[in-house]
Structure formats: structure tokens, C-alpha cells
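All remarks here apply to the structure that follows.
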Amino acid sequence: MTNDPNKAQLDALSERIEGLKKTSQAEKPRGDEHYSGAQQGWRMVTELVAGLGIGLTIGYGLDWLFGTLPIFLVIFTLLGFAAGVNVMLRTAKEVQNEHLAKAANEKD
1 MTNDPNKAQL DALSERIEGL KKTSQAEKPR GDEHYSGAQQ GWRMVTELVA
51 GLGIGLTIGY GLDWLFGTLP IFLVIFTLLG FAAGVNVMLR TAKEVQNEHL
101 AKAANEKD
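Given below as C-alpha cells:
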């Protein structure tokens, strides 16, 4: 009979702990949202810089090969920039579609 009050307190405490575990697991951490947006931003910047770098390298290589220094360098740098912007816009469209799909799923 002496264990009954302690057992009731322990059972109540166990139920309370389980309830807190369920609510903490159900909540989504806010830090992930921030990092995913930053990751997408860095991905876009990297794609733009990569396009510029590839265009610059190809243009310089062709100019060195043919001995016409500024022509191909300028042309391929601009083409690399255009390609980088194109890939960056495609990535932004992907991100937008993901957010729209997520919003539609939450609405239902």
C-alpha cells in the first residue's frame, strides 16, 4: 500500500514525458528552412560564376589558339554569363514549384 502514491506519481510523470516527446517530435525545426533558402541562393550564385568561368576559359583558349586576344574572350564570356543566368532562372523556377506544391499540400 505504501507504493501506490509513488506509482501514481510515476505513471503521471511518465505520461507527461511521453506527451512532451510527441509534441517536440511533431514540430519542425525552424533552422532547416533558413538553411535550405541559403543553400538555394548559394547554388544559384555558384551556377552563375561557373558559367562565367567556363565561358571565360573557352574564350581565352580560343583567342590564344588563333592569336585574336579580345574577340573570343568577350563573346564566350557573354555566352557563359547568359548560360549561367539561364541555369539560375531554371533553378529559381524549381524552387518556386516546390514551394507552390508544398503550399498546395498544406492547404488540403
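Counting from 1, one number per residue, gives the positions in the sequence shown under the UniProt record's numbering. We treat Cβ as the ideally placed atom computed from N, Cα and C, and that holds for glycine. Quick caveat, the model's predicted, so the values are computed rather than measured.
Check: Keeping to the same chain, check which residues put their C-beta closer than 8 angstroms to that of residue 52; ignore five residues upstream and five downstream.; Outcome: 77, 80, 81 and 84
Check: Mind checking which residues open and close the alpha helix (DSSP H) that includes residue 67?; Outcome: Per DSSP, residue 67 belongs to no alpha helix (DSSP H) and is neither H nor E.
Check: Any idea if residue 55 is buried or exposed, counting beta-carbon neighbours within 10 angstroms, 16 or more meaning buried?; Outcome: buried
Check: Quick one: residues in its chain with C-beta nearer than 8 angstroms to the C-beta of residue 63, no 5 flanking neighbours on either side, listed in chain order?; Outcome: 69, 70, 71, 72 and 73
Check: Identify whether residue 98 lies in helix, strand or coil by the three-state DSSP scheme.; Outcome: helix
Check: What number of angstroms, rounded off, separates the C-alpha of residue 94 from the C-alpha of residue 47?; Outcome: 14 angstroms
Check: For residue 8 and residue 18, I'd like the C-alpha separation in whole angstroms.; Outcome: 15 angstroms
Check: By the 10 Å Cβ neighbour count, where 16 or more other Cβ atoms means buried, how is residue 37 classified, buried or exposed?; Outcome: exposed
Check: Is it the case that the Cβ atoms of residue 75 and residue 59 are separated by a distance below 8 angstroms?; Outcome: yes
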